[in-house]
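**Student:**
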Amino acid sequence: MTTKKQIALLLYPGMVAFDIVGPMQVLAELPRFAPEYEVVVVSERVEPVDTDLRAKLVPDKAFDDVPAPDIFIVPGGSHATLQQMYYPPMREYIRQIASTAEIIGSVCTGSLILASVGLLEGRTATTHWGYVRILERFGARYVRKRWVEDGNIITGAGVSAGIDYALHLVERLAGPDIARKIQLSLEYDPQPPHEHLNYRKVGPMMRMIQLSALVMGHIAANKAIKLNTEGA
Numbered sequence: 007m008t009t010k011k012q013i014a015l016l017l018y019p020g021m022v023a024f025d026i027v028g029p030m031q032v033l034a035e036l037p038r039f040a041p042e043y044e045v046v047v048v049s050e051r052v053e054p055v056d057t058d059l060r061a062k063l064v065p066d067k068a069f070d071d072v073p074a075p076d077i078f079i080v081p082g083g084s085h086a087t088l089q090q091m092y093y094p095p096m097r098e099y100i101r102q103i104a105s106t107a108e109i110i111g112s113v114c115t116g117s118l119i120l121a122s123v124g125l126l127e128g129r130t131a132t133t134h135w136g137y138v139r140i141l142e143r144f145g146a147r148y149v150r151k152r153w154v155e156d157g158n159i160i161t162g163a164g165v166s167a168g169i170d171y172a173l174h175l176v177e178r179l180a181g182p183d184i185a186r187k188i189q190l191s192l193e194y195d196p197q198p199p200h201e202h203l204n205y206r207k208v209g210p211m212m213r214m215i216q217l218s219a220l221v222m223g224h225i226a227a228n229k230a231i232k233l234n235t236e237g238a
């Protein structure tokens, strides 16, 4: 049994690799400054897991090996994430670890998995901009920010926001000085070559992608809500 505080990042098939790799790069630096923490990657089984890229990721431990992490983070994706909203092993594990975790977190659409088991009902939260309506179906109050903190739950916006999210988490756990050191170590100073995001300028192609996401999202939400009413 570990005596260190565990930060568990969840891994599941088809998720967006950057959603876990970005925060993991930040959090991997934390034990250098705060050795009381350890970072583990957890999945249903210890075997290579496909991501949205061709690269596979291999977890450190299985769900059964990490029954009560102190902090856990659920990354997101598109269709793969929606499937996890009604996948019994994931739902059971999230409920189990949420009951004892000090901090519950998500990046991108990972918040939909949290919401699907009732963890975000009545709370402020964020997610990827294309899935806001799905998040709100579970009673969450959407806020358009890079990260949103509501009690012991911290949710991050889409994909790249996972880095901002993780730096904020480091600040909460170990203070602003260590967070600044890690930010400097990673040379994180985003200056995008194009203008900053303007959600009012989403073109027709992106609107079509969003529409497809919403259709699939509502189908997944219906399945998750049915499970909730059945007590599953």
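Throughout, the numbering used here is defined as the position within the sequence shown, counted from one, plus 6.
Just so you know, even glycine gets a beta-carbon here, dropped at the ideal spot from N, CA and C.
Using the Cβ count rule (16 or more neighbours within 10 Å means buried), how would you classify P75?
**Tutor:** Against the sequence shown, residue 75 aligns to sequence position 69. Buried, by the Cβ-count rule.
**Student:** From L190 to P29, what distance separates their C-alpha atoms?
**Tutor:** Counting from 1 along the sequence shown, the entry for residue 190 is found at position 184. Counting from 1 along the sequence shown, the entry for residue 29 is found at position 23. Annotation: L190 to P29 spans about 15 Å, alpha carbon to alpha carbon.
**Student:** Candidates K62, I77, A23: which alpha carbon is nearest K10's?
**Tutor:** For the purposes of this step, residue 10 is identified with residue 4 of the sequence shown, where counting begins at 1. With distances taken between Cα atoms, K10 lies closest to I77.
**Student:** How long is the line joining the alpha carbons of E98 and L125, rounded to whole angstroms?
**Tutor:** Sequence index remark: in the sequence shown, residue 98 carries index 92 (1-based). Sequence index remark: in the sequence shown, residue 125 carries index 119 (1-based). Cα to Cα, the separation comes out at about 13 Å.
**Student:** Determine contact between the stretch 108-118 and the stretch 159-178, defined as no fewer than three beta-carbon pairs at a distance below 8 Å.
**Tutor:** yes
**Student:** Tell whether a beta-carbon distance below 8 Å holds between S117 and T132.
**Tutor:** Taking the first residue of the sequence shown as 1, we reach residue 117 at position 111. Taking the first residue of the sequence shown as 1, we reach residue 132 at position 126. Taking 8 Å as the Cβ cut-off, S117 and T132 qualify as a contacting pair.
**Student:** Do you know offhand how far Q90's Cα is from S105's?
**Tutor:** Stepping through the sequence shown from its first residue, residue 90 is reached at position 84. Stepping through the sequence shown from its first residue, residue 105 is reached at position 99. Going by the C-alpha atoms only, they are around 19 Å apart.
**Student:** How should A107 be labelled, buried or exposed, when 16 other C-beta atoms within 10 angstroms of its C-beta is the threshold for buried?
**Tutor:** Reading the sequence shown from its first residue, position 101 is the one you call residue 107. By the 16-neighbour rule on beta-carbons within 10 angstroms, A107 is buried.
**Student:** Thinking Y18 and V55 are a contact (beta carbons under 8 Å), I'd like their distance in whole angstroms, please.
**Tutor:** For the purposes of this step, residue 18 is taken as the residue at position 12 of the sequence shown. For the purposes of this step, residue 55 is taken as the residue at position 49 of the sequence shown. At roughly 7 Å, the Cβ-Cβ gap stays under 8 Å, so Y18 and V55 are in contact.
**Student:** Nearest by alpha-carbon distance to P37: which of A23, P65, I188 is it?
**Tutor:** Your numbering for residue 37 matches position 31 in the sequence shown. Answer by Cα proximity: I188.
**Student:** Taking a contact to mean a Cβ-Cβ separation below 8 Å, would you say I160 touches F39 in this structure?
**Tutor:** Position 154 of the sequence shown, counting from 1, holds the residue named residue 160. Position 33 of the sequence shown, counting from 1, holds the residue named residue 39. No, they are not a contact pair.
**Student:** Taking Y92 as the reference, which of V80, S84, I119 has the closest Cα?
**Tutor:** Sequence index remark: in the sequence shown, residue 92 carries index 86 (1-based). Checking every option, the nearest Cα to that of Y92 belongs to I119.
**Student:** What did DSSP end up calling K11 once you bin it into helix, strand or coil?
**Tutor:** Mapped onto the sequence shown, residue 11 falls at position 5. In the structure shown, K11 sits in a strand (DSSP, three-state: E or B).
**Student:** Would you call H134 buried or exposed, if buried means 16 or more other Cβ atoms sit within 10 Å of its Cβ?
**Tutor:** Here residue 134 corresponds to residue number 128 of the sequence shown, with the count starting at 1. H134 comes out buried.
**Student:** Using the rule of at least 16 other Cβ atoms within 10 Å of the residue's Cβ for burial, across every protein chain shown, is E35 buried or exposed?
**Tutor:** Stepping through the sequence shown from its first residue, residue 35 is reached at position 29. By the neighbour-count rule (16 or more Cβ atoms within 10 Å), E35 is buried.
**Student:** Report the start-end ranges of each alpha helix (DSSP H) in the stretch 29-102 that is 4 residues or longer and not cut off at the edges.
**Tutor:** 36-39, 85-90
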